[in-house]
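Okay, so here's the structure we're looking at.
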Amino acid sequence: MDRDSHSEDTLSTMVLENIKNKLIHAFRAAGESREDPQEAGCTVRPVSMGRSYQANEELRRAKIDGALTWLRSELHEMRSQDLQLAQTLLGLNTEIQRLRRESFGGLHHLMPNSKKHTQKNVLDIEYIFFFYRLLTSPAQYI
Numbered sequence: 034m035d036r037d038s039h040s041e042d043t044l045s046t047m048v049l050e051n052i053k054n055k056l057i058h059a060f061r062a063a064g065e066s067r068e069d070p071q072e073a074g075c076t077v078r079p080v081s082m083g084r085s086y087q088a089n090e091e092l093r094r095a096k097i098d099g100a101l102t103w104l105r106s107e108l109h110e111m112r113s114q115d116l117q118l119a120q121t122l123l124g125l126n127t128e129i130q131r132l133r134r135e136s137f138g139g140l141h142h143l144m145p146n147s148k149k150h151t152q153k154n155v156l157d158i159e160y161i162f163f164f165y166r167l168l169t170s171p172a173q174y175i
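Numbered per my numbering, the sequence shown spans residues 34 to 175.
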């Protein structure tokens, strides 16, 4: 009987020790998963690994910030190129209108469709001004 009680004590101790280890592991894993999901399987995390993780995280954030800064500068450059293009288009349209006026100079009274040409020129100008306003409106993505 003494032997049976000793084996029961040993078995109980092993079961309790197993439960204790599982609880300790569960609480450590839960705490580490809040800090670092990749390290959840480890029961003990050295300080150097924590610092390494922080350094990697800071490096990752710095790279993301750098990429965003580069994208913003590219968008700003594209916007200034769009404005230059719009100004060039307006200048070209003005020159085209001037050349049309010069080429048709005194012939408007002889041409039956001169009103159509004037309406078309107004539509061309409105079209170009529409795109100019579109290109010069404040960009929300910069």
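Glycine is no exception: its CB is placed at the ideal position from the N, C-alpha and C atoms.
It should be emphasised that the depicted structure is a prediction, and the values quoted were computed from it without experimental measurement.
G124 has its alpha-carbon roughly 12 Å from the corresponding atom of L116.
Here the C-alpha atom of R134 lies approximately 12 Å from the C-alpha atom of N126. Looking at the backbone, the Cα of M82 and that of D98 are separated by about 24 Å.
Taking 9 Å as the cut-off, the beta carbon of I161 is found no closer than this to the beta carbon of L132.
The same chain holds no residue with a CB closer than 7 Å to that of E50 once the five nearest residues on each side in sequence are set aside. A direct Cα-to-Cα measurement between R84 and S113 gives close to 43 Å.
Separation of E91 and L118 (C-alpha to C-alpha, rounded to the nearest whole angstrom) is 40 Å.
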